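What follows is one structure encoded as structure tokens, with my remarks underneath.
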Amino acid sequence: MRHFFRNLGSILAYAFLGTAVSCFIIGNLMYGVVKLMKMVGQLSDKFYYTDCLFFGAIISATDPVTVLAIFNELHADVDLYALLFGESVLNDAVAIVLSSSIVAYQPAGLNTHAFDAAAFFKSVGIFLGIFSGSFTMGAVTGVVTALVTKFTKLHCFPLLETALFFLMSWSTFLLAEACGFTGVVAVLFCGITQAHYTYNNLSVESRSRTKQLFEVLHFLAENFIFSYMGLALFTFQKHVFSPIFIIGAFVAIFLGRAAHIYPLSFFLNLGRRHKIGWNFQHMMMFSGLRGAMAFALAIRDTASYARQMMFTTTLLIVFFTVWIVGGGTTPMLSWLNIRVGVDPDQDPPPNNDSFQVLQGDGPDSAGGNRTKQESAWLFRLWYSFDHNYLKPILTHSGPPLTTTLPTWCGLLARCLTSPQVYDASGLPVSFAMSSHSELKNPVGKT
């Protein structure tokens, strides 16, 4: 989690800008492929530009689960792992909302597939509204769960704690869908919030149970979805195999991934202290596997000829990238000289090929006393706000709010700061009262 937030700016750029770039590049390239298919008589039904953009959106959802599993087993470079993991998690959320926005594109007039500026901006508004609404709902649910586990005696009932943790996550999905948002996106941000705050409030026994429960659910869900994909390949009755479309799709996702990774990495490196090296960029390019999310988005609608062709092509892309690309992960790590066996708490070496450190920013420079958290300004701001305010409010850790909030917030600070915070900071609980009384009546004042 620490490395995720340390690379948050880059992760957001790859997930949001990168997915949008990939979607439009793949969509436009596939539109050219569709035009070619019409010219050679290989297209037997309608296939619109919006269909191509929809295909670009669903196939831009990366799922490097195989690569990440190997990274985890080999203890590959933690920053590379954070970049890939963060991109894949947020990228799925962006792809879901982006595909929904494209489906919602409704131009005025008889031609419902022509470009219309008003409809375009309406779709952009739908994208922003659905994403922000899902994000807010997930984060709020996570915050509520954290407060419940902090201010109640649930820690005395570990089984109830685990049940609440799971049911609040599930209710987030249901509530988001009922409100017209995206349940998967809401659950994603609820999970991030709960992992960062709620999990720390659980009892030791409940932490173990909760972790094991979600590991089992993850294992079952992953095996089910890949089994279902294998079954769908042979049981789906309306497959449309088009060699031109399939080959064009493979070329398009390769070019879309390249346009996604390399230009963004160049611009990100302009503002990063630790540069994203070429070997990291090549590995991220190689790790753009497609998986369960692309399959799930493709199978939602197979009513038309175009959607059936997309579904068939998506299945083939998923199987190829998981089997062939996923199987080549270990040799690629070795060939690109990427560190393995890395301690997650260890600083990156000053002169490695993965993260090149700018001269003057190393441990011996004038800024050498800066912490790892201060390596990125966005993370530094977030870390300060989270450590001083959010952690003390939502968990039993961090500095007492009586030392970070203004004096006039004394009553609120005392109510929200738990006794465990004072114990962890080495301050007596009575400090909450004495510190504010001293501030109101300083020594020497009559």
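With UniProt numbering, letter number 97 in the sequence shown gets 97, and the count goes up by one each step, no holes.
For every residue, glycine included, the Cβ atom is placed at its ideal position computed from N, Cα and C.
Source: prediction; values computed, not measured.
query                                                                                                                   : result
Rounded Cβ spacing between Ile253 and Ile96 (contact assumed at less than 8 Å)                                          : In fact, because the Cβ distance is near 18 Å, the residues do not count as touching under 8 Å.
Contact check, His239 vs Thr312, beta carbons under 8 Å                                                                 : yes
Cα-Cα separation between Leu90 and Arg257, rounded to whole angstroms                                                   : 16 Å
Rounded separation between Leu268 and Ile11 - CA only                                                                   : 10 Å
Alpha carbon of Arg273 to alpha carbon of Gly86, nearest angstrom                                                       : 19 Å
Spatially closest choice to Leu188 from Thr172, Tyr199 and Pro406, by CA coordinates                                    : Thr172
Residues near Leu405 in its chain [Cβ-Cβ closer than 6 Å; skip 5 each side]                                             : Ala413
Three-pair Cβ contact test at 8 Å for the segment 125-132 versus the segment 147-156                                    : no
His3, DSSP secondary structure in three states                                                                          : helix
Neighbour-count burial assignment, Leu53, 16 or more Cβ in a 10 Å radius                                                : buried
Inter-residue spacing [alpha-carbon to alpha-carbon] between Tyr105 and Val124                                          : 9 Å
DSSP three-state assignment for Ile338, whether helix, strand or coil                                                   : coil
Simplified DSSP assignment, three categories, for Asp361                                                                : For Asp361, the predicted structure reports a pLDDT of 38, less than 50, and the residue's modelled location is therefore unreliable. A value from the coordinates is still provided. It is coil, neither helix nor strand.
Top-ranked residue by Cα proximity to Leu270, from Phe5, His3 and Gly9                                                  : Gly9
Assumed close pair Thr193, Val143 - CB separation to whole angstroms, cut-off 8 Å                                       : 6 Å
Candidates Asp79, Asp45 and Thr329: closest to Val342 by CA position                                                    : Asp79
Short Cβ contact (8 Å threshold) for Cys190 with Ser169                                                                 : yes
CA nearest to the CA of Glu161, picked from Gly18, Tyr199, Gly410 and Ala298                                            : Tyr199
Length-filtered (4 minimum) alpha helix (DSSP H) runs lying within the segment 66-104                                   : 78-103
Residues of its chain near Leu289, where Cβ-Cβ distance is below 7 Å and the 5 sequence neighbours each way are ignored : Thr62, Asp63, Pro64, Thr66, Val67, Thr321, Val322, Val325 and Gly326
Alpha-carbon spacing of Leu390 relative to Arg380, whole angstroms                                                      : 14 Å
Nearest-angstrom Cα separation, counted from Ala176 out to Lys133                                                       : The displayed chain sequence assigns Gly, not Lys, to residue 133. Computed Cα separation, rounded: 8 Å.
Counted within 10 angstroms of its Cβ, other Cβ atoms place Val357 as buried (16 or more) or exposed                    : Unreliable placement is indicated for Val357, whose pLDDT of 36 sits below 50; the coordinate value is still reported in the next sentence. So Val357 counts as buried.
The segment 12-25 contacting the segment 274-283, beta-carbon criterion three pairs below 8 Å                           : no
Range of the contiguous beta strand (DSSP E) that encloses Ile276                                                       : His274 to Ile276
Terminal residues of the alpha helix (DSSP H) in which Thr235 lies                                                      : Val204 to Thr235
Separation of Ala292 from Val318, as counted between CA atoms                                                           : 8 Å
Other residues of its chain near Leu17: CB distance less than 7 Å, five sequence neighbours each side excluded          : Leu264
Bounding residues of the alpha helix (DSSP H) (the contiguous stretch that carries Ala292)                              : Ala292 to Ile299
Thr62 - partner residues in DSSP beta bridges                                                                           : Arg290
Leu8 in three-state terms, based on DSSP                                                                                : helix
Backbone CA spacing between residue 448 and Tyr262 [nearest angstrom]                                                   : Only positions 1 to 446 of the chain appear in the structure, and residue 448 is not among them; the question remains open.
Gln42 in three-state terms, based on DSSP                                                                               : coil
Minimum C-alpha distance to Met229 - residue among Thr314, Ala76, His196 and Glu205                                     : Thr314
Check whether Leu147 and Leu394 have beta carbons under 8 Å apart                                                       : yes
Alpha helix (DSSP H) segment containing Pro392, residue limits                                                          : Lys391 to Leu394
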